[in-house]
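Numbering (our numbering), first residue to last: 118 to 342.
All residues carry an ideal CB built from backbone N, CA and C; glycine is no exception.
Only one structure is covered here, and it is reproduced in the block below.
Put into structure tokens, the structure is as follows:
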């Protein structure tokens, strides 16, 4: 299936994400508080953009079923994931409210523009391709970590959050988005599949870069008010 082809193509990137010091730190139960703070503030920026992308997908949807699905993803992005942020803030000893209004850092700005480009230029398949790597890689990360994490790992609640739930988020959203691509694949030209694959892999690489941005605390070198 097409979904298996693009997941296979992304394996080198997924491997590097799983080996990244931030992700390895989650597995070990220890990540620098400063890195967690940057992650929370930038993920808040990212999820606000993610919700807008899902809103674009909702507008492009032709069935009530898909409209309902994308509506659920908007809710998940805007509200539900704050629970995951609170877990990280508790571990870092910081206040969530103080990290919810930051400006996007360089990689966050690049990633969100990549998403918005798919909404402006593409259709539902393009949008599915660019949003999939976020929930897909998080599911893969959580499944790998939970098998090796110690019972007293403070990140376990965060890890379990991304293993999927009963309300259409997490693993189920990944399944539905990949199914959307597989359903359309038989009618797609080789060139169209290549375009979708490129968008998917670019988002995968940007996921890696997002972890790196938080861990290295990379920010704009020059700022203007």
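- In the DSSP assignment, residue 202 falls within the alpha helix (DSSP H) that extends over 199 to 209.
- Around the beta carbon of residue 257, 16 or more other beta carbons lie within 10 angstroms, which makes this residue buried.
- Considered as a whole, the region 154 to 194 harbours no complete run of any beta strand (DSSP E) with no fewer than 3 residues.
- Counting C-beta atoms within 10 angstroms of its own C-beta, residue 118 has fewer than 16 neighbours from the protein chains shown and is therefore classed as exposed.
- According to the DSSP assignment, residue 317 belongs to the alpha helix (DSSP H) that extends over 307 to 333.
- A straight-line Cα-Cα distance of about 17 Å links residue 235 and residue 191.
- Residue 130 is not a Cβ neighbour of residue 314, given a cutoff of 8 Å.
- Under the three-state reduction of DSSP, residue 341 is assigned to coil, being neither helix nor strand.
- Every unbroken stretch of the alpha helix (DSSP H) spanning 4 or more residues and falling wholly within the region 223 to 289 is given here in chain order: 223 to 238, 241 to 248, 250 to 263 and 273 to 278.
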